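Asker: Mind looking over this structure? Questions follow.
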Amino acid sequence: MVPFVLQLAAIALMPFLAHHWWERHYPKVSVVLGSVPVLYYLLVLHAGNRLLEALHEYASFIILLASLFIAAGGIHIMVKGEATPRRNLLFLVIGAILANVIGTTGASMLLIRPWVRMNRYRITGFHTVFFIFLVSNIGGALTPIGDPPLFLGFLKGIPFWWTLEHLWRPWLLVVGLIGAIFYLIDRGNFLRAPRSVRDKETSEEKWGIKGLVNLLPLGAILLGVFLPSPWREIVMTSAAVLSWCITPRQIHEMNAFSFAPIREVAWLFLGIFATMIPALDYLEHHANALASSFGMGALHFYYFTGILSSVLDNAPTYLAFLSVELGLKGGSLGNPEDVLRIANTDPAHLIAISLGAVFFGAMTYIGNGPNFMVKSIVSESGATTPGFFGYILRYALPILLPVLALAGWIFLR
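Note that the working numbering has the sequence shown beginning at 201, numbered continuously upward.
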């Protein structure tokens with residue numbers, strides 16, 4: 201698991217220690233570090249099937265991100281002037297709700313560019329961070345479409361509306377508190393801005409949308425999520441190609457569209473997916489022992505799922521702890537009837553696992569797929585974004601974690 205730690209350390213430190221070198225060579229770093237566990241699994245463990253499984257997961261992940269990135273890049277949401285703190289808050293709440301309809305990735309790709317344009321005169325790091333908190337992660341907790349772990353639970357037998365029925369109260373609390381904190385910070389930022397900027401922000405805004413034809417490929421991508429592989433990937437790829445062909449060049453220019461953000465995400469997550477194979481396998485093989493050692497009440501499930509979802513892929517982490525919960529209750533993850541029984545008769549632990557996987561994905565840039573994509577798009581626009589550790593130390597730990605701890609104490613203790 202050492203290459204996984206080194207990959208995370210490189211993402212966190214190299215942009216500060218050797219920025220220009222990192223920009224040129226980060227694909228090589230990802231390939232070199234990723235090749236260590238790949239060669240070990242191939243030559244020592246002779247576990248080629250495990251590598252193929254990981255490659256398939258990576259391909260599905262990148263195809264989903266890239267197709268949504270291209271389709272959303274063909275839609276231009278027009279804004280005039282800048283938003284006041286109240287309008288910013290309304291925008292984030294709408295984004296959090298929309299994430300349950302088109303997924304956190306779809307909502308993030310659709311809304312991040314207009315979010316940057318709305319705040320272009322005074323955009324700072326916290327604008328990016330709170331967008332990631334609410335739109336890219338927390339918002340998608342109400343439906344299986346919202347976030348990949350919940351969709352996997354739906355495929356395993358959890359009813360579609362179970363998440364809305366059981367998670368709306370903690371969702372409302374966390375969205376409300378994070379939104380209130382954002383409003384207070386943004387209002388302070390607004391009042392410190394020069395008078396000329398505030399006059400622009402309070403001017404009448406005109407909204408408009410161009411490229412609505414891309415709603416067709418965007419809808420096809422979302423429907424493709426429900427298809428089995430390889431049809432899922434074929435539909436998403438075809439929709440992305442269609443979007444690229446039908447989008448006028450003017451709209452791409454208005455969005456300052458380029459493939460640099462998705463290229464960066466693809467290379468970095470290639471290394472992450474390869475190096476985290478041993479970490480995920482270790483979790484799978486030791487999860488039951490972990491449960492026995494710590495007793496694993498609802499709060500234990502919440503924090504263990506959450507902490508590991510912050511640095512690992514939250515989808516397999518969700519499945520690993522769901523499997524532990526089913527094992528403790530005499531069930532099996534492969535039996536939909538067992539999953540349905542747990543969801544209906546003893547939902548507390550399943551609520552904890554679901555909240556941990558979705559909410560804690562916002563703790564780091566790599567906790568959920570859209571996070572790093574949002575960072576890359578904002579950086580590509582010329583705005584400043586917090587570094588890996590800056591994100592965690594300045595925002596995730598002092599702001600997000602206390603809110604998540606409060607939600608856990610209220611609903612899971």
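All C-beta atoms, glycine included, are put in the ideal place defined by N, C-alpha and C.
In this text, all values refer to a predicted model and were calculated from it rather than measured experimentally.
#1: Indicate whether A440 and S579 have their beta-carbon atoms separated by less than 8 Å.
#2: Tell me the DSSP bridge mates of I409?
#3: Smallest Cα separation from V465: which of L245, Y258 and F216?
#4: Go through the region 535-602 residue by residue and report every complete run of the alpha helix (DSSP H) that reaches 4 residues or more, in order.
#5: In whole angstroms, give me the CA-to-CA distance for G274 and I345.
#6: Of the choices L251, I338, P227 and E253, whose alpha-carbon is the least far from that of A460?
#7: Using a Cβ-Cβ distance cut-off of 8 Å, determine whether M201 contacts chain D.
#8: So, under 8 Å CB-CB, T284 and S336 are touching, yes? Tell me the CB distance rounded to an integer number of Å.
#9: Could you check whether A271 and P417 sit closer than 8 Å to each other, using their CB atoms as the reference points?
#10: Is V574 near I332, with beta carbons less than 8 Å apart?
#11: Put W361 into one of helix, strand or coil per three-state DSSP.
#12: To the nearest angstrom, how far is the alpha carbon of V205 from that of G357?
#13: Comparing alpha-carbon positions, which option in M201, R224 and F216 lies nearest W467?
#14: If we call anything under 8 Å between Cβ atoms a contact, is Y595 one with A557?
#15: For the alpha helix (DSSP H) containing A212, name the first residue and the last one.
#16: Do P478 and M201 count as a contact pair if the criterion is CB distance below 8 Å?
#17: Assuming L334 and V375 form a contact by the criterion Cβ under 8 Å, report the distance between their Cβ atoms to the nearest whole angstrom.
#18: Note down, in chain order, each residue of its chain lying with its Cβ closer than 8 Å to the Cβ of W444, except the 5 sequence neighbours on either side.
#19: Which full runs of the alpha helix (DSSP H) of 4+ residues lie inside the region 437-507, going along the chain?
#20: Can you tell me whether D513 is helix, strand or coil according to DSSP?
#21: With a floor of 3 residues, list each beta strand (DSSP E) that falls wholly inside the region 225-279, ordered by position along the chain.
#22: Determine the direct distance from the alpha carbon of V524 to that of I551, and round the result to whole angstroms.
#23: If we call anything under 8 Å between Cβ atoms a contact, is K410 one with I451?
#24: Just reading off the alpha helix (DSSP H) that P329 is part of, what are its end residues?
#25: Our contact map puts G194 next to Y502 with C-beta atoms below 8 Å; I'd like the distance itself, whole angstroms only.
#26: Count the other CB atoms, across all protein chains shown, that sit within 10 Å of the CB of R286; report buried if there are 16 or more and exposed otherwise.
#27: Give the secondary structure of R613 by DSSP, where H, G and I count as helix, E and B as strand, and everything else as coil.
#28: For a test of the three-state rule: what should DSSP assign to T284, helix, strand or coil?
Answerer: To lay it out plainly:
#1: As a working mapping, residue 440 is identified with position 240 in the sequence shown. As a working mapping, residue 579 is identified with position 379 in the sequence shown. No; because the gap between Cβ atoms is not below 8 Å, this pair is not in contact.
#2: As a first step, residue 409 must be located in the sequence shown, where it is residue number 209. Note: I409 sits in a beta bridge opposite I277.
#3: Locating residue 465 in the sequence shown gives position 265, counting from the first residue. Checking every option, the nearest Cα to that of V465 belongs to Y258.
#4: 536-545, 547-559, 569-580 and 588-591
#5: For the purposes of this step, residue 274 is taken as the residue at position 74 of the sequence shown. For the purposes of this step, residue 345 is taken as the residue at position 145 of the sequence shown. Rounded to the nearest angstrom, the two C-alpha atoms are 22 Å apart.
#6: Taking the sequence shown and counting its residues from 1, one reaches residue 460 at position 260. For the residues L251, I338, P227 and E253, the minimum Cα distance to A460 belongs to P227.
#7: The structure shown contains no chain D, having only a single protein chain.
#8: Translated into positions along the sequence shown, residue 284 becomes position 84. Translated into positions along the sequence shown, residue 336 becomes position 136. That belief does not hold up - the Cβ atoms of T284 and S336 are roughly 23 Å apart, past 8 Å.
#9: The sequence position of residue 417 within the sequence shown is 217, counting from 1. The sequence position of residue 271 within the sequence shown is 71, counting from 1. Yes, the pair counts as a contact, with Cβ atoms nearer than the cut-off.
#10: Against the sequence shown, residue 574 aligns to sequence position 374. Against the sequence shown, residue 332 aligns to sequence position 132. A contact, by the Cβ cut-off of 8 Å.
#11: For this step, residue 361 is matched to residue 161 along the sequence shown. If DSSP states are grouped into helix, strand and coil, W361 belongs with coil.
#12: The residue you call residue 205 lines up with position 5 of the sequence shown. The residue you call residue 357 lines up with position 157 of the sequence shown. If I take the Cα positions, the gap works out to 34 Å.
#13: To locate residue 467, count along the sequence shown from 1; it is residue 267. Checking every option, the nearest Cα to that of W467 belongs to R224.
#14: As a working note, residue 595 is residue 395 in the sequence shown. As a working note, residue 557 is residue 357 in the sequence shown. No, these two residues do not count as a Cβ contact at 8 Å.
#15: Counting from one through the sequence shown, the residue named residue 212 turns up at place 12. Run containing A212: V202 to L217, per the alpha helix (DSSP H) assignment.
#16: Mapped onto the sequence shown, residue 201 falls at position 1. Mapped onto the sequence shown, residue 478 falls at position 278. Yes.
#17: For the purposes of this step, residue 334 is identified with residue 134 of the sequence shown, where counting begins at 1. For the purposes of this step, residue 375 is identified with residue 175 of the sequence shown, where counting begins at 1. Indeed, because the Cβ distance is near 6 Å, the residues count as touching under 8 Å.
#18: For the purposes of this step, residue 444 is taken as the residue at position 244 of the sequence shown. Hits under 8 Å: I270 and G274.
#19: 449-454, 460-475 and 477-494
#20: Counting from 1 along the sequence shown, the entry for residue 513 is found at position 313. Note: D513 maps to coil in three-state DSSP.
#21: 276-278
#22: Looking up residue 551 in the sequence shown gives position 351. Looking up residue 524 in the sequence shown gives position 324. Distance between the alpha carbons of I551 and V524 is about 14 Å.
#23: As a working note, residue 410 is residue 210 in the sequence shown. As a working note, residue 451 is residue 251 in the sequence shown. Yes.
#24: Position 129 of the sequence shown, counting from 1, holds the residue named residue 329. This sequence places Val at residue 329; Pro is not what is there. Note, V329: alpha helix (DSSP H), G325 to L334.
#25: Shown here, the chain extends from 201 to 613; a query on residue 194 therefore has no answer.
#26: Translated into the one-based positions of the sequence shown, residue 286 becomes position 86. So R286 counts as exposed.
#27: On the sequence shown, residue 613 is found 413 positions in, with the first residue counted as 1. Reduced to three states, the DSSP call for R613 is coil.
#28: The residue you call residue 284 lines up with position 84 of the sequence shown. Note: T284 maps to coil in three-state DSSP.
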